[in-house]
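If you read the sequences in order, they're chains D and Y. Taking our numbering, the leading residue of the first sequence gets 920, the next gets one more, and so forth. Taking our numbering, the leading residue of the second sequence gets 3, the next gets one more, and so forth.
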Amino acid sequence: MAPSLFALNVHLDDTHFAGEGGAHRHMAHGGGGAASAAPAAAGIQSRYASQDDLEEVKGAILGFFRGAGKAVRGLGGMPSSGPSSAASSEFGGGDDGHSQALQDDRWRVGDRDGADRDLVTRAHWQQHRAGDRCSVPACGLVLSPQTGVDNCRCCGRLMCGRHCSRRVRLSASAQITRRNGVHCRACDDCHARAAGGVGGQTRDHTRAFANLRRRAVNTAVLEGNRIEKRLERLALAHGAQQQAGNPSAPTLLLGAQTSLRARALQAAEQEVVAWEDDAEAASCPFCGKAFGRLASRRHHCRLCGRVVCGRAGCSTVLAVPLPAPGGRGFSPDRCADIRACCDCERTVIRHRNRIARAAPQAPELSRLYAQIRANMALVEETLPVFNALAVRLRSFEEGRTAAAPDLPRAARARKQLTAAFGEMDQASKRIAQLPASTPGCARLHEAVRRAVGQYLQLHMFPLTMLPRAPRRPQRIPPAPPGDGELLESPTGSLPSSTSTATARGPRLPPIDDGSDGGSVRDSVRDSVEGTTADGSGSPVQGPAAGGGDKAGTPAPLANGVGSAATGLASSLLSLVAIPRRRAKDDGPAAAAAAGQDKRIQQALAADPGKEQRIAAMAENEKIASLGVLRDQRQRVLGYIGDAQRERRLDDAASLQASLDDLEVELSLIERSL
Amino acid sequence: MDAIKAAQYYTNRIATDTSGMKVLLLDRETTPIISLVSTQSHLLSKEVYLVDRLDNAQRDRMQHLKCVCFLRPTDASIQALVDELRAPKYGDYYIYFSNILKKSMIELLAENDESEVVREIHEFYADFYAATPTLFHMGLAPATRPLFAEGHSWNPGALGRTVQGLSALLLALKRRPTIRYERNSAMALKLGEELEYLMGHEASLFGAQPGAADATQLLILDRKNDPVTPLLTHWTYHAMLHELLGVANGRVDLSHVPDVRPEVREVMLAQDQDSFFRQAQFLNFGDLGVSLKEFVDSYQSKTASHHKIDSIADMKRFVEAYPEFRKLSGNVSKHVTLIGELSRIVSARHLMAVSELEQSLACNEQHSTDLKALRALIADARITAENKVRCVVLYALRYERVQANATGELKQLLSSGGVDADLVGMVDVALRYGGARERQSDIFQNENIFSRGKNIFKGLQGTENVYTQHTPALAEMLEQLVRGRQGPQLQERLPSLDPRARPLAAGSDGGGGGGPLTNQDIVVFVVGGVTMDEERAVAALNAKYSPQNVRLLLGGTSIHSSGSFLGELSTTFFP
């Protein structure tokens, strides 16, 4: 009794204040009392939640209870459920028909919806615990008051405010309805479902069809089995006859013998199925022609015993394999001719088809296709995560977010994606090369290839666009003490390639026009081998390298974007050569040591504090970090070798950049020693 | 209330409800239905790798494929499917019918599916041709499905198809409307009755009664009450394409155009993929030129920026924009070709001169001036025979009841001018079809003194553009309806099938009549075909009244140009 009185008091206060988050404030003050209010509130709510037509006042009170419950839960354990509880305790905002009638299907912050007014159930809501992430896979943000914590009123999942910003009409049981529903806040998925729900009545006949079919199929199966049995017995009878006839075949008695054998065979056949009496059949049951003595002779179907005529449409002669001599089973080498009417023939054919269908068909195509699909599923799962990470990486670089992004995770995702794309491409190429027995097959293979090309074009290009530089440090295995600084040094993190080019401009010899697309590859290799890398880590290095590689062995990544894409790759190739070429010309001529010096100078110019930092280190500290760095250099060299061998040229290039940074650090320390 | 979205919902589900390598089998009529709302690449992305016709006997056996069929429940399709099921070429069958199946059809299929390959059978009601978001039609063509049996009565085949198509549309939109029809039209009444019967019969699909919840109206109109609109030359882009080049299921065949480049021999028009077309479809010819120029300019500046790639940032931008860019370049050449061809035709046939006279005939009551101009036009050798006949037909319709009617003389002039006798005969055909005796609305506003006065008043207001004075009668009627301005005569003109139905004027919130409509969905169906000009007018009304939550959808038995309209009439209305 007391808790609800308390709650009512607070409510009265609140209606007078009607301020933003008023209830929340009150509840936060009166924490102890509210703790016991929660169960009562929940009880009332569950009792009334399903009632659609609660009066406004009642709804408001219950809504308040609801808010109280939430606030209490917030006190005990979960940090805060800021926005949603604030929204639910917001009585002041008028919720009238006009705002609901708006065409706009975005949820406006501050609106109260059906769930807030307790017109729509909350039984299916996901409870919020600390550390929960937004349920939208592409987002995955850890939910906090900053991101907003909202349950989609329709599917009940928890998500951040940005992804739960649609409005749909829901019934009291939180089902999507077109009419008579209450506007509620919902996620994009549910909104799409609601919009899709408008589209179209359908009707399913599958069950009725299956019932009807079962009857038809049962009789057909029975019939088929019976005919099969009969065929088997006929084959046995014929086989026995032939074996009996073969050894003794005196030519003299041929006529008598054959007639004797024919009669015996006939008797055997009649044992399988009783023959219809000739006299009873005046005409063929299929074509309806009257039987005559010579022109239209009577035949017996050996499988059903009916009398039929011998014309092509009415009966045929089936070749039935005889039992293999000595052994078990039937051999197709020796056959007996057995007459069958067209009905029985069809049954035989269908039965055979059914058996043939049961045999599994697993051509190469299916296997490759399954591989493609598996990779596609992987991409579908990984890509949104990766894209979200990439967006955060970018905003991190631009200094908009302070939190360091999850570099290793992004790198892992990217590697997975690249591998998946590569595999898809390979598989689709293999499919295109599969031998096609028919033009239809060829069309199918071509279509699969085209679809994969289309898919790669859609998903792979944005992938290669990513800023690569920030994930470089991830390549360096266990992080040593000095590594953090390495990451932060401007040369290491993200030098803009254009600025590098212009900065170097004056010192460069004139552009060498003679080199062609191949120079890209050369320059990439050069840079990987550590002679002339400029370490600019250009974002398009990936596709360019892949495109350059096209001439040679197949690259796993950029090779498979269909004809259109190859055109693109080659055009890119010619383009990318411009900045690269300069780097190359700079390269072999300059002595490695001089290059090293230059880099050190650059690094120092960019980060003047570095030398002091190193100088400030104690002797033993320097030696220790020297050891660590040398060890690291060895490892990175190893990684580069691996990447080279596996032809992951873009990876190699970014590894090379980290190597350069390492070298700078190393030589600085060495010099100071 | 978007015809294309309604159909796309079904095609998407057909493509996505089953996973795995798929072949899509269609029949003669579902092929255009699908191709209007879906594209090859969209199907490819949904694992539909082959699309074929069910009646193509040369298909290969491919057991590793799943087969998705989308068929109309016609006898021919069912028979073809039975043959397919007896000797199945693919692994599993998922069958979707575009309309209500008869029980006997299901039985027949079940009996013949002895190898148990059919996994699912559904009814997916995409049984209409969704030409634009606001326009659907039934694809009736005089050659395959003549509309008229004898005079103003339905050919049974056409009636059946129309009832099926309209009911499918209503199912796709999940509506059970109140039906209204034009009082003087037996065909509209017949269609309404058939539809009402079907909705009652299939109550499980349509919902029980046209309830208060469903504020949908279906207005069934008859072309004969407005034979003028299809006879005029229209000057908006999409309408011109229909009238002058002919659009068949979203495709324009340009192979007859002199020195056309091979890649634009046949072009596709799709609003959802072609932003220029979406923006320009309702522009008139003059504005179209300006807008095309802007389009080409923007393309050229983009090309220039693409040619200048010096830095990595440029390259990055290029790669990001590249697919878009390629699409754009194809689009530019398409529209340049189309508009170039339109303007060639306009000048070759002197359509400006023709159109001026047409508009005058359609909008203003000036008998002697019109007659003089018409005589001059007939004497002009540069004008094509079809256009001359069109003008004479308009004259005959407008001045049918005028004392000094000179139709006979004009026909004489045409014949002596060497116009084919069949074409000259079209004048009488049109009069028999939509003469004053047949019409119930006063489209020329010359039948009584009041409407004459209104007409003169309108004339005094002046016009912005001589070539676009005419407003389709349908648009005027709908506008009055939506604004709640219609007098009792409109109520009289459009009676409801259900006598208990509340009057049209009342909004759904029971305004008690007279006020503007709110929260109302109106499907307008024109027996005898619609024109693109009416589509434009309805789309404009949709945009104008969407704040009132009034949504309009236009449909017809077919989409008419002046040629196809007269062609259809000539099948039955020869005197």
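Beta carbons are placed, not taken as given, at the ideal position from N, Cα and C, and that holds for glycine.
Problem - Simplified DSSP state of K24(Y), which is helix, strand or coil - result: Strand.
Exercise for the section: Would you kindly work out how many angstroms separate the C-alpha atoms of P144(Y) and T573(Y), rounded to a whole number? Expected result: 8 Å
Exercise for the section: With distances taken Cα to Cα, identify the nearest neighbour of R1182(D) among Q1160(D), S1202(D), C1203(D) and L1150(D). Expected result: Q1160(D)
Problem - Residue closest to R1031(D), alpha-carbon to alpha-carbon, out of E1540(D), A1105(D), L1077(D) and T1066(D) - result: A1105(D)
Practice task
Give, in chain order, every residue of the stretch 1130-1152 of chain D whose Cβ lies closer than 7 Å to some Cβ of chain Y.
Solution key: L1131, R1132, A1135, V1136 and A1139
Exercise for the section: Taking R553(Y) as the query, report the chain D residues whose CB atoms sit under 8 Å from its CB, ordered along the chain. Expected result: By Cβ distance, chain D contributes nothing, its closest Cβ being about 11 Å from R553(Y), past 8 Å.
Practice task
Any chance you could list the alpha helix (DSSP H) runs of at least 4 consecutive residues sitting entirely within the stretch 183-261 of chain Y, in chain order?
Solution key: 188-203, 205-208 and 239-242
Problem - Cα-Cα separation, R1590(D) to E1582(D) - result: 12 Å
Practice task
Have a look at N101(Y) and P1303(D) and give me their C-alpha separation to the nearest angstrom.
Solution key: 39 Å
Problem - Coil, strand or helix - D1023(D) by DSSP - result: Unreliable positioning characterises D1023(D) in this predicted model, as indicated by a pLDDT of 47, which lies under 50. The coordinate reading is nonetheless provided below. It is coil, neither helix nor strand.
Exercise for the section: Give the residues of chain Y in contact with P1282(D), contact being defined as C-beta atoms less than 8 Å apart. Expected result: H66
Handout entry: Cβ-Cβ distance between R2(Y) and G531(Y) below 7 Å
Key = Past the edges of chain Y, shown from 3 to 577, lies residue 2(Y), and the structure says nothing about it.
Problem - Span of the alpha helix (DSSP H), counted from its first residue to its last, around H44(Y) - result: From DSSP, the alpha helix (DSSP H) with H44(Y) extends over Q42 to S47.
Practice task
Determine which residues share a DSSP beta bridge with D19(Y) and list them.
Solution key: In the DSSP output, where bridge partners are listed per residue, D19(Y) has none listed.
Exercise for the section: Please go through the same chain and pick out, in chain order, the residues whose beta-carbon is closer than 7 Å to the beta-carbon of E1147(D), but skip the five residues on each side of it. Expected result: These residues qualify, in order along the chain: H1270.
Exercise for the section: Just the C-alpha distance for L399(Y) and G427(Y), rounded to the nearest angstrom, thanks. Expected result: Cα to Cα, L399(Y) sits roughly 14 Å from G427(Y).
Exercise for the section: Going by CA-CA distance only, name the one from H369(Y), M534(Y), E388(Y) and F327(Y) that's closest to L353(Y). Expected result: E388(Y)
Exercise for the section: Please decide whether L519(Y) counts as near chain D, where near means a Cβ-Cβ distance under 7 Å. Expected result: So, not an interface residue.
Handout entry: Closer than 7 Å to chain D by CB, E125(Y)
Key = yes
Exercise for the section: Find out if the Cβ-Cβ distance for the pair Y95(Y), V120(Y) is shorter than 7 Å. Expected result: yes
Problem - Residues of its chain near N551(Y), where Cβ-Cβ distance is below 7 Å and the 5 sequence neighbours each way are ignored - result: T520 and N521
Practice task
Could you tell me whether the Cβ of S1285(D) comes closer than 7 Å to any Cβ of chain Y?
Solution key: yes
Exercise for the section: To the nearest angstrom, report how far apart L142(Y) and G159(Y) are at their CA atoms. Expected result: 10 Å
Problem - Alpha-carbon to alpha-carbon, E1300(D) and V1547(D) - result: 37 Å
Practice task
Pull up the distance between the alpha-carbon of D523(Y) and that of Q219(Y), whole angstroms please.
Solution key: 6 Å
Practice task
Return the residue from the list T32(Y), A151(Y), I36(Y) and E31(Y) that minimises the CA-CA distance to F575(Y).
Solution key: Cα-wise, what sits closest to F575(Y) is A151(Y).
Practice task
Would you kindly report the start and end of the unbroken beta strand (DSSP E) that includes M64(Y)?
Solution key: M64 to L73
Practice task
Could you tell me whether any Cβ in chain Y is nearer than 7 Å to the Cβ of H1378(D)?
Solution key: no
Exercise for the section: Answer with buried or exposed for N915(D), where buried requires no fewer than 16 other C-beta atoms within 10 angstroms of its C-beta. Expected result: There is no way to answer for residue 915(D), as the model of chain D reaches only from 920 to 1592.
Practice task
Return the CA-CA distance between V39(Y) and F130(Y), expressed in angstroms with no decimal places.
Solution key: 11 Å
Practice task
May I have a chain-ordered list of the beta strand (DSSP E) segments no shorter than 3 residues that lie completely inside the stretch 1142-1166 of chain D?
Solution key: If we require 3 residues or more, the stretch 1142-1166 of chain D turns out to have no beta strand (DSSP E) run fully inside it.
Handout entry: Bridge-paired residues (DSSP) for F125(Y)
Key = Strictly speaking, residue 125(Y) in this sequence is Glu, with Phe absent from that position. Answer is R1122(D) and F99(Y), bridged to E125(Y).
Practice task
Starting from the beta carbon of M23(Y), find every residue of chain D whose beta carbon is closer than 7 Å, and list them in chain order.
Solution key: Y1288
Problem - Integer-rounded CB distance, given that F1249(D) should sit under 8 Å from A1243(D) - result: 6 Å
Exercise for the section: Please report the residue range of the alpha helix (DSSP H) in which P1242(D) lies. Expected result: That residue, P1242(D), is in no alpha helix (DSSP H); its beta strand (DSSP E) goes S1234 to P1242.
Handout entry: Test: F1128(D) CB closer than 7 Å to a CB of chain Y
Key = yes
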